[in-house]
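Residue numbers (my numbering): 0 to 375. Where a beta carbon is used, it is the ideal one built from N, C-alpha and C, also for glycine. Computed from a predicted structure; not experimentally measured. Note sheet for the following structure.
Structure below.
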């Protein structure tokens with residue numbers, strides 16, 4: 000099963016669950032309004048019987064039944080609206096992460112315990128009544144609950160099975176994956192090399208974007224999208240990699256904005272290859288893991304004076320320049336090699352230049368006797 004198939008099934012299940020939520024909410028509202036109508040009928044009957052307007056307990060029973068039936072008959076519109084609101088509330092609650100719930104419960108528990116101690120201390124203070132006690136409880140529960148939720152990463156909260164903290168390990172952050180990193184494909188190699196820790200979060204809108212690219216009319220975009228889908232399949236089959244398809248409500252707007260908001264809400268890192276997104280996210284306080292920067296950092300460093308054997312593949316922009324490439328894709332500009340296209344020659348590195356897009360080397364041919372001519 001692919002990640003998108005799993006996500007589609009999850010969405011369908013959520014839709015069915017939403018329908019059930021509307022039905023449950025409507026049933027609860029209709030039952031409450033029906034009982035309320037019966038109570039109104041009973042109170043009205045009791046008042047009329049007590050004042051002598053009506054006589055006998057039978058009339059009281061009949062008015063109660065009239066109230067029940069009236070409440071049931073006229074509650075349908077209100078019940079439908081309440082059912083829709085109930086379903087939306089339940090949908091929001093089900094999207095709340097378990098560690099957030101546990102942190103809030105832990106904070107509320109501690110807040111109530113502190114409230115008991117404070118009430119015991121202030122019980123003999125003149126003017127300290129029940130509503131002051133209630134105010135203290137609300138402030139402590141809300142304050143400690145919010146503090147625990149905000150700092151839940153620092154707490155040893157167990158998971159639902161009680162065996163391990165949420166996330167792959169203590170001190171690690173979730174990694175929100177951008178579509179550019181999925182399509183790039185190198186993320187798999189990084190995972191297999193054990194350079195990443197924590198849970199990989201695949202936002203629903205990122206999966207939708209990749210699927211839209213795969214269905215594009217442009218052949219190049221379609222190929223990139225399909226490579227992204229293949230990467231998702233391999234991620235799902237990867238042993239030891241914890242993934243999550245996130246349905247967090249991060250509002251509307253461009254995908255980049257939603258990615259940044261999701262990272263900020265989850266205190267997560269962002270994995271991408273998009274340079275502009277990296278800069279914008281970093282400015283807003285998100286820790287960015289750029290695969291291009293990682294690849295550039297682990298490339299072999301060549302110092303001026305080192306000797307390399309390179310194949311000149313084409314001419315450069317300037318007259319007399321030839322272009323060659325290292326195995327890792329680094330471009331090498333070779334002076335006085337414009338007429339040696341198709342030849343493999345020995346060159347000497349003269350300098351290097353680091354740019355936002357990567358690294359570039361400059362070289363010149365070695366002495367004539369060291370040149371290895373492979374031209375036919």
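Report task. Could you round the C-beta distance between residue 85 and residue 23 to whole angstroms and report it? I think they count as a contact, below 8 Å. Result -> 7 Å
Query raised in the report: Measuring CB to CB, does residue 114 end up less than 8 Å from residue 136?
Result: yes
Query raised in the report: With contact counted as at least three CB pairs below 8 Å, one residue from each stretch, are the region 269-285 and the region 299-309 in contact?
Result: no
Report task. Kindly indicate which residue of 172, 201, 177 and 237 has the alpha-carbon position closest to the one of residue 188. Result -> 237
Query raised in the report: Apart from the five residues just before and just after residue 289, which ones in its own chain have a Cβ nearer than 7 Å to its Cβ?
Result: 271, 272 and 277
Query raised in the report: Around the C-beta of residue 78, are 16 or more other C-beta atoms found within 10 angstroms, so that it is buried, or is it exposed?
Result: buried
Report task. Could you tell me the boundaries of the beta strand (DSSP E) in which residue 149 lies? Result -> Taken as a continuous stretch (DSSP letters only), residue 149 belongs to no beta strand (DSSP E), being part of the alpha helix (DSSP H) at 129-149.
Report task. Pull up the distance between the alpha-carbon of residue 39 and that of residue 65, whole angstroms please. Result -> 10 Å
**Report entry** Sequence-distant residues of the same chain with beta carbon closer than 7 Å to residue 33, five excluded per side
**Finding:** 67, 70, 71 and 74
**Report entry** Helix, strand or coil at residue 274 [DSSP, three-state]
**Finding:** helix
**Report entry** Proximity to residue 363 [Cα-Cα], best of 107, 340 and 331
**Finding:** 331
Report task. With a cut-off of 8 Å on the beta carbons, I'd call residue 53 and residue 47 a contact; round off their distance for me. Result -> 4 Å
Query raised in the report: In the DSSP assignment, what are the bridge partners of residue 62?
Result: Residue 62 pairs with nothing; no bridge assigned.
Requested in this report: Quick one: grab the DSSP three-state call for residue 298.
Outcome: coil
Query raised in the report: Nearest to residue 202 by CA position, among 149, 365, 185 and 180, is which residue?
Result: 180
Report task. Would you check if the distance between the CB atom of residue 267 and the CB atom of residue 185 is smaller than 8 Å? Result -> no
Query raised in the report: Just checking my contact of residue 390 with residue 147 at CB under 8 Å: how many whole Å lie between their CB atoms?
Result: Since the first residue of the chain shown is 0 and the last is 375, residue 390 is not available in this structure.
**Report entry** Own chain residues within Cβ distance below 6 Å of residue 173, not counting five before or after
**Finding:** 197, 198, 200, 265 and 267
Requested in this report: Given a cut-off of 8 Å, decide if residue 132 and residue 118 are closer than it, judged by their beta-carbon atoms.
Outcome: yes
Report task. Quick one: measure Cβ to Cβ for residue 383 and residue 305, integer angstroms, because I've assumed they're closer than 8 Å. Result -> Any property of residue 383 remains undetermined from this structure, which presents the chain solely from 0 to 375.
Query - Integer Cβ distance of residue 261 from residue 247, believed to fall under 8 Å - result: 6 Å
Query - Pair within 8 Å by beta-carbon distance, residue 205 and residue 254 - result: yes
**Report entry** Where residue 251 falls: helix, strand or coil (DSSP)
**Finding:** coil
**Report entry** Collapsed DSSP secondary structure at residue 344 in the structure displayed
**Finding:** strand
Query - Span separating the alpha-carbon of residue 325 from that of residue 258 - result: 34 Å
Requested in this report: Return the residue from the list 240, 208 and 143 that minimises the CA-CA distance to residue 190.
Outcome: 240
**Report entry** Per-residue burial, residue 178 [other beta carbons within 10 Å of its own, 16 or more giving buried]
**Finding:** buried
Report task. Would you identify the three-state DSSP class for residue 49, choosing helix, strand or coil? Result -> helix
Requested in this report: Please say whether residue 328 and residue 321 have beta carbons closer to each other than 8 Å?
Outcome: no
**Report entry** For residue 364, the residue or residues it bridges with in DSSP
**Finding:** 346
Query raised in the report: What three-state label does DSSP hand residue 76 in the structure shown?
Result: helix
Report task. Please state if the CB of residue 309 and the CB of residue 347 are separated by a distance shorter than 8 Å. Result -> no
Requested in this report: Could you tell me whether the Cβ atoms of residue 83 and residue 124 are closer together than 8 Å?
Outcome: no
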